[in-house]
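Enquirer: One structure, pasted below without further comment.
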């Protein structure tokens, strides 16, 4: 601005505008940048955790397939003939002699087949970690198969117990002393089936936990 003095000469006075508070901006920028970086860093581990859970789901599923096929094959090949027999009568035992063992074999075969068919859905959960649809479908079907496998294994375990110990009240004789190999193979099949049921339970819990974290 120009100001005139007593001598009539104009004197030019320059008034500088106040500088912006660069320090304040610097502090604000310094505070804002780490927040954005921290938010991005928080999102990456969460996505990585979901992918890791999906990979673990696939691993458990493959283990359950192995256990289910082991139970099915062991029961399906259970057959023993005692060396002492007569011309008209021989001592022979196989899994089809008992309906419980037959249904056990069918249920474990169905469970194993389902687990094989569920592998593509598990792989989709790895590729798309935030996909809730495949996880929800798997948790429902896994629960159904776990219930079927557990019931079949429990019923067969009761028969195996009677085969080993017998029951005098029901006139059930313990025949495992004669058919030792038969009972041993059936027992191994029941153990493998319970292992498959436990793995299915783990799959249900893992899928439920993953769905909860998506909310």
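Residue numbers (the numbering used here): -19 to 195. Ideal placement from N, C-alpha and C gives every residue a C-beta, glycine not left out.
#1: Is it the case that the region 91 to 98 contacts the region 122 to 131, given that we only count it when at least three CB pairs across the two stretches are under 8 Å?
#2: Looking only at its own chain, which residues have a Cβ that is under 6 Å from the Cβ of residue 182, when we skip the five neighbours before and after it?
#3: Starting from residue 150 and walking both ways along the alpha helix (DSSP H), at which residues does that stretch end?
#4: Using only the alpha-carbon positions, how far apart do residue 119 and residue 157 sit?
#5: Is residue 184 closer than 9 Å to residue 129 when the C-beta atoms are compared?
#6: Tell me the rounded alpha-carbon separation between residue 155 and residue 161.
#7: Is it the case that the Cβ atoms of residue 179 and residue 92 are separated by a distance below 9 Å?
#8: Note down the Cα distance separating residue 116 from residue 106, rounded to an integer number of angstroms.
#9: Give me, in chain order, the residues of the same chain whose beta-carbon lies closer than 8 Å to that of residue 76; leave out the 5 immediate sequence neighbours on both sides.
#10: Between the beta-carbon of residue 48 and the beta-carbon of residue 176, is there less than 9 Å?
#11: Residues bridged to residue 165 by DSSP?
#12: For residue 103, collect the residues of the same chain with a Cβ closer than 8 Å to its Cβ; drop the 5 residues on either side in sequence, then sort them by chain order.
#13: For residue 58, is the classification buried or exposed, using 16 other Cβ atoms within 10 angstroms of its Cβ as the cut-off for buried?
#14: Quick one: Cα of residue 186 to Cα of residue 170, how far?
#15: Between residue 145 and the rest of its own chain, which residues show a CB-CB distance below 7 Å, the 5 nearest in sequence each way excluded?
#16: Going by C-alpha distance, which of 34, 85 and 30 is nearest residue 165?
Expert: With the given structure in hand:
#1: The region 122 to 131 is in contact with the region 91 to 98.
#2: Position 202 of the chain shown, counted from the first residue, corresponds to residue 182. Within the same chain, residue 182 has close Cβ partners 40.
#3: The residue you call residue 150 lines up with position 170 of the chain shown. Segment: none, residue 150 is in no alpha helix (DSSP H) and carries neither H nor E.
#4: Residue mapping note: residue 119 aligns to position 139 of the chain shown, counting from 1. Residue mapping note: residue 157 aligns to position 177 of the chain shown, counting from 1. For residue 119 and residue 157, the distance between alpha carbons rounds to 42 Å.
#5: Taking the first residue of the chain shown as position 1, residue 129 is located at position 149. Taking the first residue of the chain shown as position 1, residue 184 is located at position 204. For the pair residue 129 and residue 184, the CB atoms are not nearer than the 9 Å cut-off.
#6: Taking the chain shown and counting its residues from 1, the one referred to as residue 155 is at position 175. Taking the chain shown and counting its residues from 1, the one referred to as residue 161 is at position 181. Taking the straight line from one Cα to the other gives about 11 Å.
#7: By 1-based counting over the chain shown, the position of residue 179 is 199. By 1-based counting over the chain shown, the position of residue 92 is 112. Result no, Cβ atoms of residue 179 and residue 92 do not sit closer than 9 Å.
#8: In the chain shown, residue 116 corresponds to position 136, counting from 1. In the chain shown, residue 106 corresponds to position 126, counting from 1. Distance between the alpha carbons of residue 116 and residue 106 is about 14 Å.
#9: Residue mapping note: residue 76 aligns to position 96 of the chain shown, counting from 1. Cβ-Cβ distances below 8 Å link residue 76 to 82 in the same chain, with the five nearest sequence neighbours on each side left out; the list follows chain order.
#10: Translated into positions along the chain shown, residue 48 becomes position 68. Translated into positions along the chain shown, residue 176 becomes position 196. Contact check for residue 48 against residue 176 passes: the beta carbons are separated by less than 9 Å.
#11: The residue given as residue 165 occupies position 185 in the chain shown. Answer is none; residue 165 lacks a bridge partner.
#12: Residue mapping note: residue 103 aligns to position 123 of the chain shown, counting from 1. Residues of the same chain with a CB within less than 8 Å of the CB of residue 103, apart from the 5 flanking positions on each side, are 38 in chain order.
#13: Numbered from 1 along the chain shown, position 78 holds the residue referred to as residue 58. Label assigned to residue 58: buried.
#14: If you number the chain shown from 1, residue 186 lands on position 206. If you number the chain shown from 1, residue 170 lands on position 190. Taking the straight line from one Cα to the other gives about 24 Å.
#15: In the chain shown, the residue the question calls residue 145 occupies position 165. Once the five neighbours on either side are set aside, the close Cβ partners of residue 145 are 154.
#16: Residue 165 sits at position 185 when you count from the first residue of the chain shown. Taking each of 34, 85 and 30 in turn and checking the Cα distance to residue 165, the smallest one comes out for 85.
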